[in-house]
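Residue 93 in the numbering used here sits at position 82 of the sequence shown; the count goes up by one each step and never skips.
Cβ coordinates follow ideal geometry from the N, Cα and C atoms, glycine included.
What follows is a set of notes on a single structure, which appears directly below.
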Amino acid sequence: MKAWKHFKTVSHHRRLVRQGCFKVGLYWQGLTHDLSKYSPAEFIVGAKYYQGSRSPNAAEREEKGYSTAWMHHKGRNKHHYEYWTDLNMQTRQYESYPMPRRYLVEMVMDRRAACMTYEGERYTDASAWAYLDRSRERNLMHPELLRQLEYLLLMLRDEGEEKTFCYIREHVLKGDPFPWEQQAHFLDE
């Protein structure tokens, strides 16, 4: 029974991400988002730790101290900032690196859909921002990625989905500078 419920949750989440991606023109990413969740390495663990109200990875992590499903997932899905970390040969420290914009946008859609999936009727356009705001992950992201993600999630919170998706489609995915990048460019002239 847990396996069926987990399958339905994953499929619902993917459908929400797909809908968001399609609205901004990211068709391929919408179709292929999180397919690794159906792989045995992720699906079996997800079904075992399924709760319905949060990610099964959190429950696995609480029991074991780590999540095998998450380690598998983050290394195969470029919309997670953890994918964009590597060892800096000069500092010999792991560091985060900038993320291409199409994956930034997929990350926004992923976070929005995760909140919709787990919060259900309590979801608002502020949910994804609130989740980021209370998390510790901001210290691990590349600073520019964090700034871009915060900007888009705050826009979603304050101005709604329609305006945010339009901005993503018309500016972010076309490579236009973010407002602070425009100001820096203006000052350089």
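query: Buried versus exposed, by CB contacts within 10 Å (16 or more), K48; result: buried
query: Opposing strand residues paired with L98 [DSSP bridges]; result: Y105
query: For E181, the nearest candidate out of K16, F18, L37 and D144 (CA to CA); result: L37
query: Which listed residue (T43, F33 and K34) has its alpha carbon closest to that of Q22; result: Looking at the sequence provided, one finds Ser at residue 22 rather than Gln. Out of T43, F33 and K34, T43 has the C-alpha closest to the C-alpha of S22.
query: P111 - containing alpha helix (DSSP H), residue span; result: P111 -> no alpha helix (DSSP H), and no H or E assigned at all.
query: Test: G76 CB closer than 9 Å to a CB of chain B; result: In summary, chain B is missing from the structure at hand, where a single protein chain is found.
query: Rounded straight-line distance, which links the Cα of R113 to that of M152; result: 17 Å
query: Sequence-distant residues of the same chain with beta carbon closer than 8 Å to I273, five excluded per side; result: Only positions 12 to 200 of the chain appear in the structure, and residue 273 is not among them; the question remains open.
query: Exposed unless 16 or more other CB atoms sit within 10 angstroms - verdict on D144; result: exposed
query: Residue from Q193, H91 and D121 with nearest C-alpha to H24; result: D121
query: Neighbour-count burial assignment, K19, 16 or more Cβ in a 10 Å radius; result: exposed
query: L37 - DSSP class collapsed to helix/strand/coil; result: coil
query: Spatially closest choice to H83 from F54, E73, K59 and A124, by CA coordinates; result: F54
query: Nonlocal neighbours in the same chain, by C-beta distance under 6 Å from A14, ignoring five residues either side; result: A58
query: Alpha helix (DSSP H) segments (min. 4 residues) lying fully within the stretch 116-145; result: 138-145
query: Pair within 9 Å by beta-carbon distance, N158 and F189; result: Checking the displayed sequence, the identity of residue 158 turns out to be Arg instead of Asn. Taking 9 Å as the Cβ cut-off, R158 and F189 qualify as a contacting pair.
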